[in-house]
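This report refers to the structure that appears directly beneath it.
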Amino acid sequence: GMDSGFGSDFGTGGGGGGKLDPGLIMEQVKVQIAVANAQELLQRMTDKCFRKCIGKPGGALDNSEQKCIAMCMDRYMDSWNTVSRAYNSRLQRERANM
Amino acid sequence: RSRRGGTGRDRGDTGSAMDPPSAAGLGGADPQLQRFIEVETQKQRFQQLVHQMTELCWEKCMDKPGPKLDSRAETCFVNCVERFIDTSQFILNRLEQTQKSKSAFSESLSD
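The listed protein sequences correspond, in order, to chains A and B.
In terms of full-length UniProt numbering, the first sequence opens at residue 1 and continues consecutively.
In terms of full-length UniProt numbering, the second sequence opens at residue 1 and continues consecutively.
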């Protein structure tokens with residue numbers, strides 16, 4: 001467990017005499033979160049683009065299927081960004097109305 | 001699969017910043033770590049909702065993926081987000097009302 005000896009200096013590079021550096025932990029957590037989000041995105045994108053682009057599964061991905069998947073990926077990212085912006089705007093509006 | 005963080009004091013699935021989740025007990029005695037957890041938890045709820053809405057709205061708004069996101073699809077996505085949040089708030093408000101009027105929940109379901 002963590003003791004109370006951290007004080008309030010972060011990111012000092014771990015010179016704290018063997019104690020855990022909270023700054024480092026926070027950075028590592030942020031990385032983990034980013035990785036998890038990327039995985040989530042990829043998983044859903046794969047699902048959606050498979051549904052849109054692959055009809056009856058053949059022996060390999062043909063050219064049109066590959067083109068479709070590539071376009072689908074870009075459109076999925078566009079959609080994700082649009083949704084993110086729209087949601088953020090809505091949250092700002094809600095906060096402004098409070 | 002659970003899509004929500006927080007500890008239950010938040011307003012349902014709007015994932016809004018209105019009620020920050022309680023980080024009491026997490027992060028121990030360190031207030032900066034506690035704050036970090038609060039902030040990251042909130043960011044994650046936002047992200048999760050974006051994932052969820054993108055998935056839902058894709059079904060409603062995207063026909064065949066083209067070379068760009070046309071303006072009609074873009075408008076659809078924006079409307080979709082707004083209506084999703086409206087739906088979420090509507091459900092919460094109505095639930096609150098039906099609880100207040102003390103009618104049984106199952107009664108109000110048959111409305």
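All residues carry an ideal CB built from backbone N, CA and C; glycine is no exception.
#1: Considering only the beta carbon of each residue, do Met71 (chain A) and Pro65 (chain B) sit closer than 8 Å?
#2: Under DSSP, the alpha helix (DSSP H) around Leu33 (chain B) begins and ends at which residues?
#3: Along chain B, which residues have their Cβ under 8 Å away from the Cβ of Lys52 (chain A)?
#4: So, does the region 47 to 55 of chain B touch the region 79 to 87 of chain A, judging by three or more C-beta pairs under 8 Å?
#5: Measure the alpha-carbon distance for Pro22 (chain A) versus Leu33 (chain B) and round it to whole angstroms.
#6: Any idea if Met98 (chain A) is buried or exposed, counting beta-carbon neighbours within 10 angstroms, 16 or more meaning buried?
#7: If you draw a straight line from the C-alpha of Ala96 (chain A) to the C-alpha of Glu74 (chain B), how long is it?
#8: Counting only beta-carbon atoms, is Leu41 (chain A) nearer than 8 Å to chain B?
#9: Would you please verify whether the beta carbon of Glu38 (chain B) is less than 8 Å from any beta carbon of chain A?
#10: With respect to the alpha helix (DSSP H) encompassing Ala70 (chain A), which residues constitute its N-terminal and C-terminal limits?
Here's the rundown:
#1: Numbered from its first residue, the first sequence carries residue 71 (chain A) at position 71. Numbered from its first residue, the second sequence carries residue 65 (chain B) at position 65. Contact: yes.
#2: The residue labelled residue 33 (chain B) in the question sits at position 33 within the second sequence. Note, Leu33 (chain B): alpha helix (DSSP H), 31 to 61.
#3: For this step, residue 52 (chain A) is matched to residue 52 along the first sequence. Residues of chain B passing the Cβ test: Met62, Lys64, Pro65.
#4: The region 47 to 55 of chain B vs the region 79 to 87 of chain A: in contact.
#5: Numbered from its first residue, the first sequence carries residue 22 (chain A) at position 22. Numbered from its first residue, the second sequence carries residue 33 (chain B) at position 33. Rounded to whole angstroms, Pro22 (chain A) to Leu33 (chain B) spans 7 Å at the Cα level.
#6: Working through the first sequence from its first residue, we reach residue 98 (chain A) at position 98. Exposed: under 16 other Cβ atoms inside 10 Å.
#7: As a working mapping, residue 96 (chain A) is identified with position 96 in the first sequence. As a working mapping, residue 74 (chain B) is identified with position 74 in the second sequence. Approximately 25 Å, taken between the alpha carbons.
#8: On the first sequence, residue 41 (chain A) is found 41 positions in, with the first residue counted as 1. Taking Cβ atoms only, chain B reaches closer than 8 Å to Leu41 (chain A), which makes this a yes.
#9: Numbered from its first residue, the second sequence carries residue 38 (chain B) at position 38. In terms of beta-carbon proximity, Glu38 (chain B) stays away from the interface with chain A, with every pair separated by 8 Å or more.
#10: By 1-based counting over the first sequence, the position of residue 70 (chain A) is 70. Here the alpha helix (DSSP H) through Ala70 (chain A) covers 63 to 96.
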